[in-house]
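2 protein chains.
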Amino acid sequence: MARKASLSGFPELLPEERVVENHVLDVLRRTFELHGFSSIETRSLETVEQLLRKGEIDKEVYAVSRLQEDEAARSAEKLALHFDLTVPFARYVVENAGHLSFPFMRYQIQKSWRGERPQEGRAREFTQADIDVVGEDALPFRYDVELALVIVDALGKLPIPDFVMRVNNRKLSEGFYLGIGLEDTAGVLRSIDKLEKIGPEAVAQLLREELGASEEQAAAALSLAAIRAEDTSFVERVRELGVTHELLEEGLSELAEVIGEASKRAPGRVVADLSIARGLDYYTGTVYETFLVGHEQLGSICSGGRYDALASTQKRTYPGVGLSIGVTRLVARILSQGLATASRKVPSAVLVALTDDDAWSAAQDVADSLRSRGIACEVSASAAKFGKQIKYADRRGIPYVWFIGEDEHGPTHEVKDIRSGEQVPADPARWEPPHEDLNPQVGPPSEG
Amino acid sequence: MARKASLSGFPELLPEERVVENHVLDVLRRTFELHGFSSIETRSLETVEQLLRKGEIDKEVYAVSRLQEDEAARSAEKLALHFDLTVPFARYVVENAGHLSFPFMRYQIQKSWRGERPQEGRAREFTQADIDVVGEDALPFRYDVELALVIVDALGKLPIPDFVMRVNNRKLSEGFYLGIGLEDTAGVLRSIDKLEKIGPEAVAQLLREELGASEEQAAAALSLAAIRAEDTSFVERVRELGVTHELLEEGLSELAEVIGEASKRAPGRVVADLSIARGLDYYTGTVYETFLVGHEQLGSICSGGRYDALASTQKRTYPGVGLSIGVTRLVARILSQGLATASRKVPSAVLVALTDDDAWSAAQDVADSLRSRGIACEVSASAAKFGKQIKYADRRGIPYVWFIGEDEHGPTHEVKDIRSGEQVPADPARWEPPHEDLNPQVGPPSEG
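Residue numbers (our numbering), protein chains in the order written: chain A, 1 to 448; chain B, 1001 to 1448.
Have a look at this one:
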């Protein structure tokens, strides 16, 4: 990752870095499946019309066209690479609704593309890992609680620093704004969204100048945004602000359900943060953002929320709640900060050495025997001196070298741990390396 | 797969079909790793210049540009989606050579894009699974043998019909053509490549009319192409044609090494077929194609070969040998012919039922306990009647429903196999489903 990408914004990993990324992807996939989420993939291309339906900033979209297509084709339906997995998923749900069982719980781990200015934490091609639950016409609120817990479980298994998921509820914020007489709730949310960047004074100014708020209204909106709590004590603190509105009550009760359950199951990891706005997104209830402790400037590594209508047709509405983990952003940080490394860069636990060139087939027999027990291995391609074959293994990080010899009873087998130098007789049909040597391990770099 | 793709050439799978695809991908990945191949990914985009270096048919290439970019950006370096994984891999090797250990063995499972006319077996977005070994300046021939064996191992573990890998050697063919006085060996290969499509008479005519071959030369070239053998007997049959050339001898000896070893290790699965030409590709030695028995009209499901120079710089040459499995083509055939199906469409083995709405947290405790032992499960989102909750599980194919009750000693637990109706007491800290119910199984559809 310290290497410069040959195409700006399109980083590529070395094999030892890819081991770390694969570990992250495997943990996410496994955790999502343990919680009952099915895997799907959608095509990488959507029609431009579909992508821009919600008014996305179109300069970030990568259009796709055949290099040599004729004018007729050019003027037909325009295609582009998707910039997230939510828009394609919504289309997939509508197109396949008759074949799906609702509530439909799916995870989707795929690349997306955005033509943004590249910087740390923002690549032009990046992998997202999304989970969503979608209902047909209705979706129990419990999934808003459950999704937070699934993400906490998944992130908690990754080699990353401590993290905090900050949760808010749009109904709570919007109900509060309406309760104090600010009707342009979307405008207030957009201003509050800038709190971290520009500070409370500048936000108050925005609220007054752009939204016509009074001093008192601006102060009240900022008081709400200042509330954070690790438990349901935020409810009382909101009530103390003396604002009443039906929508506010609904939002308070929903957020209390998320925080109440999560504070029991994952204390300190899921907190109420009434400044979370997610200004430009079209959420209608719960909103989530997640930050790595000590790496807050990286931005949210996992965000999402509830949509009353993730998708809809003339006949049906599909409400959904989902979260998206920025895998590329997370892995880039793990690698650039050395938070975790791979114990070796190749899958092989064993190199089967060659005594002479004719021994290749016998060496393959040993290798096949090891592989049948799940032990990854390679066979030397030529019978170089043993010292050279050991050096070859060492360069790759392969911990064991297998030697085939011969005595009066037939072939003999020995295996050498090239780290300790210890060499012992071994049976190709039985030998196993210690569990930690079987596959590359991913974890904090070892000391010294 | 019977469903029509909403964008022609861009098929999308249902969750139960994706289970089959994931099984195929997992088997390939696991097998490649057991043979010592490292995982890498390259970016999806290359410069157009890089993609067209070898004179690819450019109308198949999908160009990419930002939707709203200005003229200056447009006239800068043009980008396009890769159409295979070999061109990007060659670039990756050159760019990262200083960080790689050679011979570098990598697998790469990614999507590629081609703007071809869609038909069965040809999608515009498709997944390839490639393995290659690349050397620095030299690469032992043994890898040509090994790669065939890796593919046989991988394909042999998939739920597909029997398959045959047909192998030839460019040196053999080209040496033979030179030996009979046909100098335009590339031209002859291109004609021979059409053998299956247009038949021997038409190929003879092509050879005479386009390449100026005599009757005898055309007949000799066709005699060579007619040779097939499951063992090294092809050597004798080529010798009987009475042609001598140094390159021919080299090719014969190389091909005999591949077929000799493979016929011992995988009898009947790797055969010599001297008609295999791979006309448009730039191979310089071994060439491979693989066909499903009874599905030959699908085309090759795994092809590749040896390059003297997969990549090169001013200072170095990187010879390579590799093969590419057409995963999308293979999976589409498995699904359309019902060769294999998934035993269920969701990962969950267990649905934890809700007795009443307040029991959700206790049900999550049970679910967490099961998950900690690798048992995927879901919790009902609402306390509907048990019959309805069982029906919910049944619709998804979840085999077990867990019930939490209460007696005078505290909570009680029972688990019901909804297929047999059998319900037994169970301990959330110990219960395990039979191994075959733990995860969705992929195999031939069950009878009845």
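Just so you know, even glycine gets a beta-carbon here, dropped at the ideal spot from N, CA and C.
Please go through the same chain and pick out, in chain order, the residues whose beta-carbon is closer than 7 Å to the beta-carbon of residue i, but skip the five residues on each side of it.
i         : result
B:Glu1012 : Ala1005
B:Gln1050 : Val1087, Arg1091
A:Val203  : Ser191, Ile192, Lys194, Leu195, Leu222
How long is the line joining the alpha carbons of residue i and residue j, rounded to whole angstroms?
i         : j         : result
A:Ile198  : A:Ile192  : 10 Å
A:Arg114  : A:Ser275  : 27 Å
A:Lys111  : A:Gly304  : 17 Å
B:Ser1263 : B:Pro1140 : 20 Å
A:Ala359  : B:Phe1104 : 22 Å
A:Arg30   : B:Pro1319 : 38 Å
A:Cys302  : A:Arg329  : 10 Å
A:Leu520  : A:Ala266  : Only positions 1 to 448 of chain A appear in the structure, and residue 520 of chain A is not among them; the question remains open.
B:Arg1190 : B:Leu1207 : 10 Å
A:Glu378  : A:Asp356  : 16 Å
B:Ile1040 : B:Val1287 : 24 Å
B:Phe1126 : B:Val1327 : 8 Å
A:Phe83   : A:Ser44   : 9 Å
B:Ala1353 : B:Glu1406 : 14 Å
B:Asn1096 : A:Pro440  : 21 Å
A:Asp437  : A:Gly36   : 31 Å
B:Tyr1282 : B:Arg1170 : 10 Å
A:Val372  : B:Trp1431 : It should be pointed out that residue 372 of chain A corresponds to Ser in this sequence rather than to Val. Cα to Cα, A:Ser372 sits roughly 29 Å from B:Trp1431.
B:Leu1172 : B:Ser1038 : 32 Å
B:Ala1225 : A:Val19   : 44 Å
B:Thr1185 : B:Ala1219 : 15 Å
Given that a residue counts as buried once 16 or more other Cβ atoms are within 10 Å of its Cβ, and exposed if not, what is residue i?
i         : result
B:Ala1381 : buried
B:Ala1213 : buried
A:Glu209  : exposed
A:Gly322  : buried
A:Thr341  : buried
A:Ala463  : Residue coverage of chain A in this structure runs from 1 to 448, which leaves residue 463 of chain A outside it and unanswerable.
B:Ala1393 : buried
B:Gln1314 : exposed
B:Arg1419 : exposed
A:Ala272  : buried
B:Gly1410 : exposed
B:Ser1446 : exposed
A:Leu211  : buried
A:Ser300  : buried
So, is the C-beta of residue i closer than 8 Å to a C-beta in chain E?
i        : result
A:Arg106 : The structure shown contains no chain E; the protein chains it does contain are A and B.
So, at 6 Å on beta carbons, what are the nonlocal neighbours of residue i in its own chain, with the 5 sequence-adjacent residues on each side left out?
i         : result
A:Gly175  : His245, Leu247, Leu248, Gly251
B:Gly1098 : none
A:Phe163  : Leu155, Thr290, Leu292
A:Gly397  : Arg344, Lys345
B:Phe1032 : Tyr1107, Ile1131
A:Gly9    : Pro118, Ala123, Arg124
B:Glu1017 : Leu1335
A:Phe234  : Ile227, Ala272
Just to confirm my understanding: we take residue i, look at its own chain, exclude 5 residues before and 5 after, and list those with CB closer than 8 Å. What are they?
i         : result
A:Leu85   : Thr42, Gln108, Gln110, Ser112, Gln128, Asp130, Ser324
B:Pro1433 : Ala1349, Val1350, Ile1375, Pro1399, Tyr1400
A:Lys78   : Thr47, Val48, Glu49, Ala63, Ser65
B:Gly1448 : Low per-residue confidence applies at B:Gly1448: pLDDT is 44, beneath 50, and the placement is therefore not dependable, though the value from the model is reported in the following sentence. If we look at B:Gly1448 and ignore the five residues flanking it on each side, it has no Cβ neighbours.
A:Glu261  : Val145, Leu149
Would you check whether the ligand HEM has a heavy atom nearer than 7 Å to the C-beta of residue i?
i         : result
B:Glu1408 : Ligands displayed in this structure: none; no statement on the ligand HEM is therefore possible.
Problem - Residues from the stretch 375-403 of chain A in contact with chain B, defined by Cβ distance under 7 Å - result: Ala376, Cys377, Glu378, Ala381, Ser382, Arg395, Arg396
Exercise for the section: Select from the stretch 1415-1443 of chain B all residues with a C-beta closer than 7 Å to any C-beta belonging to chain A, and list them in chain order. Expected result: none
Handout entry: Positions along the stretch 160-179 of chain A whose CB lies within less than 9 Å of some CB in chain B
Key = none
Exercise for the section: Check distances from the C-beta atoms of the stretch 260-286 of chain A to those of chain B and list, in chain order, the residues that come in under 9 Å. Expected result: Glu261, Lys264, Arg265
Practice task
Check distances from the C-beta atoms of the stretch 1316-1346 of chain B to those of chain A and list, in chain order, the residues that come in under 8 Å.
Solution key: Lys1345, Val1346
Handout entry: Within the stretch 57-140 of chain A, ranges of the alpha helix (DSSP H) (whole runs, at least 4 residues)
Key = 71-75, 86-96
Problem - Segments of 3+ residues assigned as beta strand (DSSP E) that fall wholly inside the stretch 166-206 of chain A - result: none
Practice task
Give the residues from the stretch 128-150 of chain A that approach chain B closer than 7 Å (Cβ to any Cβ), ordered along the chain.
Solution key: Pro140, Arg142, Tyr143
Problem - Chain-ordered residues of the stretch 90-102 of chain A with a beta carbon less than 9 Å from chain B - result: Arg91, Tyr92, Glu95, Asn96, His99, Leu100, Ser101
Practice task
Entirely within the stretch 277-356 of chain A and at least 3 residues each: give me those beta strand (DSSP E) ranges in chain order.
Solution key: 286-292, 302-312, 317-326, 350-352
Handout entry: Unbroken stretches of the alpha helix (DSSP H), 4 residues or longer, contained in the stretch 1227-1255 of chain B
Key = 1234-1239
Handout entry: Complete beta strand (DSSP E) runs within the stretch 372-396 of chain A (minimum length 3 residues, chain order)
Key = 377-379
Problem - Short-range partners of chain A found in the stretch 1297-1310 of chain B, where Cβ spacing is below 9 Å - result: none
Handout entry: chain B contacts made by the stretch 109-123 of chain A, where a contact means CB separation under 7 Å
Key = Lys111, Gly115
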